[in-house]
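*Asks:*
In this note's numbering, the protein residues as written are 369 to 535.
Shown next as structure tokens:
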């Protein structure tokens, strides 16, 4: 699936949530490509409230994944935030697109499917149960990171729409 135009729009606000220190470089690359000045560090569930005032319509989740755990994981493999909490937060805060960049999405997809009648956003993730390569692997010019680099990553890593908004 080609990357949707609305996800590439650097004029739109994007919130990027970082759940683990080891993926900070990915978060930095994503923020630079999307022309965002910063991202939100989410080390505990309560940290997500800092992004509420920003009201970005698109949220990117940068964390680790596990096919048996329904949430965003930190470097130790512990759930920082459950998908149920993420779904509730997105519905409450006007999110229209949620992009899950973590590996092994099956448990998170199951959580989304369980709540699909209540989704106010589209949910995108990797289409296969596999590792996700870093965005940096696809950056051609480190000084001039571009949407084209992000599109190469999206297509090579097989990202797709897994659930459409229903409300």
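Ideal Cβ positions, reconstructed from N, Cα and C, are used throughout, including at glycine. None of the values given here were measured: they were computed from a predicted structure.
Buried or exposed: residue 439, going by 16 or more other Cβ atoms within 10 Å of its Cβ?
*Replies:* When all chains shown are included, residue 439 counts as buried.
*Asks:* Going by CA-CA distance only, name the one from 490, 486, 525 that's closest to residue 502.
*Replies:* Cα-wise, what sits closest to residue 502 is 525.
*Asks:* Any idea which residues DSSP pairs residue 456 with across the strands?
*Replies:* DSSP, once it has assigned bridges, lists no residue as partnering residue 456.
*Asks:* Under three-state DSSP, which class holds residue 381?
*Replies:* Three-state DSSP puts residue 381 in coil, outside helix and strand.
*Asks:* Look up residue 409 in the DSSP assignment and give the residues it is bridged to.
*Replies:* Bridge partners of residue 409: 386.
*Asks:* Does residue 375 come out as helix, strand or coil in the three-state DSSP assignment?
*Replies:* Helix at residue 375.
*Asks:* Thinking C-alpha only, which one of 450, 436, 513 is nearest residue 411?
*Replies:* Checked all of 450, 436, 513; the closest Cα to residue 411 is 450.
*Asks:* Between the beta-carbon of residue 436 and the beta-carbon of residue 498, is there less than 8 angstroms?
*Replies:* No; because the gap between Cβ atoms is not below 8 angstroms, this pair is not in contact.
*Asks:* Suppose the cutoff is 7 angstroms on Cβ atoms and the five residues either side in sequence are ignored; what does the same chain contact list for residue 404 look like?
*Replies:* Excluding positions up to five away in sequence, the list reads 382, 384.
*Asks:* Whole-angstrom Cβ separation of residue 504 and residue 393, contact assumed at under 8 angstroms?
*Replies:* So it is a contact: roughly 6 angstroms between Cβ atoms.
*Asks:* I need the straight-line Cα distance from residue 528 to residue 510, nearest angstrom please.
*Replies:* Roughly 26 angstroms separates the two Cα atoms.
*Asks:* For residue 474, which three-state DSSP category applies?
*Replies:* Helix at residue 474.
*Asks:* In three-state terms, what does DSSP make of residue 416?
*Replies:* Three-state result, residue 416: helix.
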